[in-house]
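Its first residue numbered 89, the sequence shown is counted upward by one per residue in the working numbering. For reference, the structure is listed below as structure tokens.
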Amino acid sequence: MHYTNAKSILSGKGGYYGMNIYRGCTHGCIYCDSRSKCYQFTHSFEDIEVKQNAPELLEMALKSKRKKCMIGTGSMSDPYMHCEKELQLTRCCLEIILKYGFGVAIQTKSDLILRDIDLLSEINRNTKCVVQITLTTYDDDLCGIIEPNVCNTKRRIEVLEIMQEKGIPTVVWLTPILPFINDTKGNITSILNECVRTGVRGIIDFGMGLTLREGDREYYYAALDRFFPGMKEKYIRQYGNAYELPSPNAKELRGIFQNICKENGLLSTPDECFGFLQEMPDKFTQMSLFDL
Ligand code: SF4
Numbered sequence: 089m090h091y092t093n094a095k096s097i098l099s100g101k102g103g104y105y106g107m108n109i110y111r112g113c114t115h116g117c118i119y120c121d122s123r124s125k126c127y128q129f130t131h132s133f134e135d136i137e138v139k140q141n142a143p144e145l146l147e148m149a150l151k152s153k154r155k156k157c158m159i160g161t162g163s164m165s166d167p168y169m170h171c172e173k174e175l176q177l178t179r180c181c182l183e184i185i186l187k188y189g190f191g192v193a194i195q196t197k198s199d200l201i202l203r204d205i206d207l208l209s210e211i212n213r214n215t216k217c218v219v220q221i222t223l224t225t226y227d228d229d230l231c232g233i234i235e236p237n238v239c240n241t242k243r244r245i246e247v248l249e250i251m252q253e254k255g256i257p258t259v260v261w262l263t264p265i266l267p268f269i270n271d272t273k274g275n276i277t278s279i280l281n282e283c284v285r286t287g288v289r290g291i292i293d294f295g296m297g298l299t300l301r302e303g304d305r306e307y308y309y310a311a312l313d314r315f316f317p318g319m320k321e322k323y324i325r326q327y328g329n330a331y332e333l334p335s336p337n338a339k340e341l342r343g344i345f346q347n348i349c350k351e352n353g354l355l356s357t358p359d360e361c362f363g364f365l366q367e368m369p370d371k372f373t374q375m376s377l378f379d380l
């Protein structure tokens, strides 16, 4: 772990901003796209870059913005990695989001998010908070292999239940689906049933497959060699060097996904889900004459 002073913290334009407090991640997911070469890490992916001035930068940025909007975090590195337990930078940023009346859409795989449930509830009461949890496999033994350094699926489902009890809306990322590994009818159905039971608002699926590119591919293949002997060769035969690796079962799995989402009124296209994540309720976005 090392510390830096970032120049800015928010990306995007008015209407929706993204924010990453950390760079790199220690959760160890074998398929992680964020470790791809295109992101130009100059240090090891596990050597977390901590943007120590993130709260100050966020406060400066939000203070000067009159139009309230949603702020997303967690897309490139998990805001609830182990180091957050002590550093509490995510928590500080949530306090600032609450103070300035913005909304938050936060994404994680970790139950450490429960530490901040007081703030998340308050933001949700005040404006809007959406918690996004990734679920890829219902099998917790498999989960321990493909997502080794973070809580298992059973615990993440408990997090969804707790959010439901608190009235905080949730979205599940059902991705990636790894060909020949978690791409079974049983797995997808079990996860979807839990999503319905825990009242998630929407589910994000990118076509039941996986993407691989330079950096990410090498790491993934090394993990396949370690845990699934012969699987790497199967991938190379089936997909060569392709960026997109759809599951051979994608069509059937997509059908199950669409049926369950439709029957239960869940948002199910990326457009619908991202619309929900990025949309701030109108009453908070309208500026008064005094703001002009
Ligand atoms: S939690 Fe997300 S960012 Fe962290 S290793 Fe897993 S996929 Fe990558």
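Note that CB positions come from ideal geometry on N, CA and C, so glycine has one too. A quick note: this is a predicted structure, and the numbers were derived from the prediction, not measured.
Under the criterion of a Cβ to heavy atom distance below 7 Å, does methionine 122 qualify as lining the ligand SF4? Locating residue 122 in the sequence shown gives position 34, where the first residue counts as 1. Reading off the sequence, residue 122 comes out as serine, not methionine. Yes, the Cβ of serine 122 comes within 7 Å of a heavy atom of the ligand SF4.
DSSP-derived helix/strand/coil call for glutamate 137: Indexing the sequence shown from 1 puts residue 137 at position 49. In the structure shown, glutamate 137 sits in a strand (DSSP, three-state: E or B).
Given this structure, state the Cα-to-Cα distance separating leucine 230 from tyrosine 308, to the nearest angstrom. Numbered from its first residue, the sequence shown carries residue 230 at position 142. Numbered from its first residue, the sequence shown carries residue 308 at position 220. If I take the Cα positions, the gap works out to 15 Å.
Beta-carbon within less than 8 Å of isoleucine 245's beta-carbon, same chain only, minus the 5 sequence neighbours each way: which residues are those? As a working mapping, residue 245 is identified with position 157 in the sequence shown. Answer for isoleucine 245: Leu223, Glu282 and Thr286, listed in chain order.
Might you give, ordered along the chain, the residues of its own chain that have their beta carbon closer than 6 Å to the beta carbon of glycine 162, omitting 5 neighbours on each side? Indexing the sequence shown from 1 puts residue 162 at position 74. Excluding residues within five positions, the ones whose Cβ falls inside 6 Å are Ile194, Gln195 and Thr196.
Could you tell me which of Lys320, Tyr226 and Lys254 sits nearest to valine 218, measuring between CA atoms? Within the sequence shown, the letter at position 130 stands for residue 218. Cα-wise, what sits closest to valine 218 is Lys254.
Rounded straight-line distance, which links the Cα of proline 143 to that of isoleucine 184: As a working note, residue 184 is residue 96 in the sequence shown. As a working note, residue 143 is residue 55 in the sequence shown. Rounded to the nearest angstrom, the two C-alpha atoms are 7 Å apart.
Hey, could you find the ends of the alpha helix (DSSP H) alanine 149 is sitting in? Counting from 1 along the sequence shown, the entry for residue 149 is found at position 61. Taken as a continuous stretch (DSSP letters only), the alpha helix (DSSP H) holding alanine 149 covers 142-151.
Using three-state DSSP, classify methionine 158 as helix, strand or coil. Taking the sequence shown and counting its residues from 1, one reaches residue 158 at position 70. Strand, per DSSP.
Heavy atom of the ligand SF4 within 7 Å of serine 96 beta-carbon: Counting from one through the sequence shown, the residue named residue 96 turns up at place 8. No - the ligand SF4 has no heavy atom lying nearer than 7 Å to the Cβ of serine 96.
In three-state terms, what does DSSP make of glutamate 360? Taking the first residue of the sequence shown as 1, we reach residue 360 at position 272. Three-state result, glutamate 360: helix.
Helix or strand or just coil, what does DSSP make of arginine 289? The residue you call residue 289 lines up with position 201 of the sequence shown. Residue state, collapsed to three classes: coil.
Give a yes or no on whether the C-beta atoms belonging to glutamate 351 and lysine 273 are separated by under 8 Å. To locate residue 351, count along the sequence shown from 1; it is residue 263. To locate residue 273, count along the sequence shown from 1; it is residue 185. No, these two residues do not count as a Cβ contact at 8 Å.
Leaving out five residues on either side along the sequence, give the residues of the same chain with a beta carbon under 6 Å from the beta carbon of glycine 106. Taking the sequence shown and counting its residues from 1, the one referred to as residue 106 is at position 18. Excluding sequence neighbours, glycine 106 sits near Ser99, Gly100 and Gly160.
7 Å Cβ shell around cysteine 180 - same chain, five flanking residues per side excluded: Taking the first residue of the sequence shown as position 1, residue 180 is located at position 92. The answer, listed in chain order, is Pro143.
Report yes if the C-beta of lysine 197 is less than 7 Å from at least one heavy atom of the ligand GDP; otherwise report no. Of the ligands this structure carries, namely the ligand SF4, none is the ligand GDP.
State the Cα-Cα distance for the pair isoleucine 97 and glutamine 128, rounded to the nearest angstrom. Looking up residue 97 in the sequence shown gives position 9. Looking up residue 128 in the sequence shown gives position 40. Looking at the two C-alpha atoms, the distance is approximately 18 Å.
Comparing alpha-carbon positions, which option in Phe133, Ala94 and Ser124 lies nearest cysteine 113? The residue labelled residue 113 in the question sits at position 25 within the sequence shown. Among Phe133, Ala94 and Ser124, the Cα nearest to that of cysteine 113 belongs to Phe133.
Cysteine 388 by DSSP, collapsed to three states: which one? Limits of the chain in this structure are 89 at one end and 380 at the other, which puts residue 388 out of reach.
Where cysteine 117 sits in the DSSP three-state scheme: Translated into the one-based positions of the sequence shown, residue 117 becomes position 29. Here cysteine 117 sits in coil by DSSP.
Are serine 356 and glycine 297 close, meaning C-beta to C-beta below 8 Å? Taking the first residue of the sequence shown as 1, we reach residue 356 at position 268. Taking the first residue of the sequence shown as 1, we reach residue 297 at position 209. No. Outside cutoff.
Which residues bound the beta strand (DSSP E) around glutamine 252? Translated into the one-based positions of the sequence shown, residue 252 becomes position 164. Here glutamine 252 belongs to no beta strand (DSSP E); instead the alpha helix (DSSP H) covers 241-254.
Would aspartate 227 and serine 198 qualify as a contact pair, given that the criterion is a beta-carbon distance under 8 Å? Numbered from its first residue, the sequence shown carries residue 227 at position 139. Numbered from its first residue, the sequence shown carries residue 198 at position 110. Going by C-beta atoms, aspartate 227 is not nearer than 8 Å to serine 198.
Give me the residue from Lys371, Gln366 and Phe372 with the minimum Cα distance to methionine 158. Here residue 158 is taken as the residue at index 70 of the sequence shown, counted from 1. The shortest C-alpha separation from methionine 158 is found at Gln366.
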